[in-house]
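Q: UniProt numbering applies: residue 1 is where the sequence shown begins, and numbers increase by one.
Beta carbons: idealized from backbone N, C-alpha and C, even for Gly.
All values reported here derive from a predicted model rather than from experimental measurement.
For reference, the structure I am asking about is given below.
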Amino acid sequence: MDPFDAGAGGLLKQPKSVWATAGASVVAFMGIGLVDPILPSIAQGLNATASQVSLLFTSYFLITAVAMLVTGFVSSRIGGKKTLLLGLAFVVVFAGLAGTSGSVGELVGFRAGWGLGNALFVSTALAVIVGAAAGGSAAAILLYESALGLGMACGPLLGALLGDASWRYPFFGTAFLMAVGFLCITVFLKEQPKPARKTSLLDPIKALGHGGLASAAVSAFFYNYTFFTVLAFTPFVLNMTPYKSGAVFFAWGVLLAVFSVIVAPRLQKRFGSLKVLGGSLVLLAADVLVLGYGSHTTAVVCTILSGAFIGVNNTVYTELALGVSDAPRPVASAGYNFVRWFAAAAAPYFAPKIEEWTDIHVPFVVAALTAVVGAVVVVVRRKALTLPQALDSARAGGTPTAEEPEPRHATEDGVAVFAN
Numbered sequence: 001m002d003p004f005d006a007g008a009g010g011l012l013k014q015p016k017s018v019w020a021t022a023g024a025s026v027v028a029f030m031g032i033g034l035v036d037p038i039l040p041s042i043a044q045g046l047n048a049t050a051s052q053v054s055l056l057f058t059s060y061f062l063i064t065a066v067a068m069l070v071t072g073f074v075s076s077r078i079g080g081k082k083t084l085l086l087g088l089a090f091v092v093v094f095a096g097l098a099g100t101s102g103s104v105g106e107l108v109g110f111r112a113g114w115g116l117g118n119a120l121f122v123s124t125a126l127a128v129i130v131g132a133a134a135g136g137s138a139a140a141i142l143l144y145e146s147a148l149g150l151g152m153a154c155g156p157l158l159g160a161l162l163g164d165a166s167w168r169y170p171f172f173g174t175a176f177l178m179a180v181g182f183l184c185i186t187v188f189l190k191e192q193p194k195p196a197r198k199t200s201l202l203d204p205i206k207a208l209g210h211g212g213l214a215s216a217a218v219s220a221f222f223y224n225y226t227f228f229t230v231l232a233f234t235p236f237v238l239n240m241t242p243y244k245s246g247a248v249f250f251a252w253g254v255l256l257a258v259f260s261v262i263v264a265p266r267l268q269k270r271f272g273s274l275k276v277l278g279g280s281l282v283l284l285a286a287d288v289l290v291l292g293y294g295s296h297t298t299a300v301v302c303t304i305l306s307g308a309f310i311g312v313n314n315t316v317y318t319e320l321a322l323g324v325s326d327a328p329r330p331v332a333s334a335g336y337n338f339v340r341w342f343a344a345a346a347a348p349y350f351a352p353k354i355e356e357w358t359d360i361h362v363p364f365v366v367a368a369l370t371a372v373v374g375a376v377v378v379v380v381r382r383k384a385l386t387l388p389q390a391l392d393s394a395r396a397g398g399t400p401t402a403e404e405p406e407p408r409h410a411t412e413d414g415v416a417v418f419a420n
């Protein structure tokens, strides 16, 4: 039986503390795609180029990458509730300040502070939900994955609805919603027990000494470049109104959520994790290439369709990162995400720069190539990405063979889910 089927019955019967944390998680994930529909409006309002405005993503994810080394260190010392509140406070302050920005430089700086707050919050939220939820970890994980999908899908919608009046309003709206989340968690969430062992700042780096984890991180690095070329550069290519752009990325987010939560686990059960990942990366490369060279309508369709491949990839990468090494999951996930988030910071900057140096098609060619490189790493490093016990086969009811790690789809720590 699918573990999510087993736990789904208790999904809606949760304590208030779980709903408070899950609700704040939705808003936190909304913040990732919030700026997509308003990127052209920000560029126009601040007289900035596409590459300058794309620094909103670069600063956000550069800080997020570095924060991967810090979040476990902080939460293991001050506890889950205080870490959540600290992250929310950062988001409230810096999202509000972002709405007052008078220049691109100010906006980029405030967005970086926002990224630190989001990293602190999201990296802790799933552990808190699992600890407080009724119905077992399966129900808790499904609830968190649902919050992820809802946030990723609704972020562009909120950006479009508020951004149609002014590009500043989505930032103020996020600050307000996160302030509500801060109050709810303060009132409803009890203090969580601290872990028995405190996490060191260097633990995630040491975990990358494992060949399998390092291989997953390197492959995901190249994949993330493709992912964030789509997320951060495509809005300039589509050049649509905030409403239309928001609708496109809402559909993109829905596909991402559906394929991450529902489709990916079933594909893994049938074909195995590595085959699914390699095939999905190649299909994403083809999709991005067509996006870059097709008509405007084709570009819209390919942008939406990319959400399906991205959803599958996110799930499989996370499970590989959590299952391929013997490091504790939070530590392994932090090291893995520390590597790949640097690509999320690089792509939004280099994609528009490459367009300035060449033409509008070449950034998508580069993005397609990086997805292929990610697939090549999976193939070449297949043995390193394999566990001795092939639990994929065992889970499907067959005889265990030495092939691939068991699909967990679970992302049992929030840092990993944040990668979605």
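Quick check on residue 239: does DSSP put it in helix, strand or coil?
A: If DSSP states are grouped into helix, strand and coil, residue 239 belongs with coil.
Q: Counting only beta-carbon separations shorter than 8 Å, does residue 270 have a partner in chain D?
A: No chain D appears in this structure, which consists of one protein chain only.
Q: What residues in its chain sit with their C-beta under 8 Å from that of residue 174, if we drop five residues either side in the sequence?
A: Answer for residue 174: 27, 30, 31, 34, 91, 95 and 158, listed in chain order.
Q: Let me check understanding here. Comparing Cα to Cα, which of 14, 20, 386 and 21 lies closest to residue 215?
A: Nearest C-alpha to residue 215: 386.
Q: Of all the options 105, 172 and 249, which has the alpha carbon lying nearest to the alpha carbon of residue 56?
A: Among 105, 172 and 249, the Cα nearest to that of residue 56 belongs to 105.
Q: Alpha carbon to alpha carbon, what distance is there between residue 202 and residue 300?
A: Distance between the alpha carbons of residue 300 and residue 202 is about 43 Å.
Q: For residue 112 and residue 93, I'd like the C-alpha separation in whole angstroms.
A: One C-alpha to the other measures close to 12 Å.
Q: Alpha carbon to alpha carbon, how far is residue 200 from residue 72? Give it in angstroms, no decimals.
A: If I take the Cα positions, the gap works out to 8 Å.
Q: Contact check, residue 39 vs residue 235 under 8 Å by CB: the rounded distance?
A: 5 Å between Cβ atoms; contact.
Q: Taking only the alpha-carbon atoms, compute the straight-line gap between residue 79 and residue 319 and give it to the nearest angstrom.
A: Roughly 25 Å separates the two Cα atoms.
Q: When the Cα atoms are used, what is the spatial distance from residue 425 to residue 170?
A: Look at the range of the chain in this structure, 1 to 420, and you will see that residue 425 is not part of it.
Q: Between the C-alpha atoms of residue 333 and residue 97, what's the straight-line distance to the nearest angstrom?
A: Approximately 31 Å, taken between the alpha carbons.
Q: By a C-beta neighbour count over all protein chains shown, 10 Å radius and 16 as the cutoff for buried, is residue 21 buried or exposed?
A: By the 10 Å Cβ count, residue 21 comes out buried.
Q: Between the beta-carbon of residue 207 and the beta-carbon of residue 76, is there less than 8 Å?
A: Going by C-beta atoms, residue 207 is not nearer than 8 Å to residue 76.
Q: Once DSSP output is grouped into helix, strand and coil, what is the label at residue 167?
A: Correct three-state label for residue 167: coil.
Q: Taking Cβ to Cβ, would you say residue 309 is nearer than 8 Å to residue 277?
A: Result no, Cβ atoms of residue 309 and residue 277 do not sit closer than 8 Å.
Q: Note down, one range per segment and in chain order, each alpha helix (DSSP H) of at least 4 residues found wholly within the region 34-74.
A: Runs of the alpha helix (DSSP H) inside the region 34-74: 39-45 and 50-53.
Q: Would you mind working out which of 287, 86 and 298 sits nearest residue 307, comparing C-alpha positions?
A: It is 287.
Q: Determine the closest residue to residue 244 out of 19, 15, 41 and 16, with distance taken between C-alpha atoms.
A: The option with the nearest alpha carbon to residue 244 is 41.
Q: Roughly how many whole angstroms lie between the Cα atoms of residue 154 and residue 353?
A: So the alpha carbons of these two residues sit roughly 29 Å apart.
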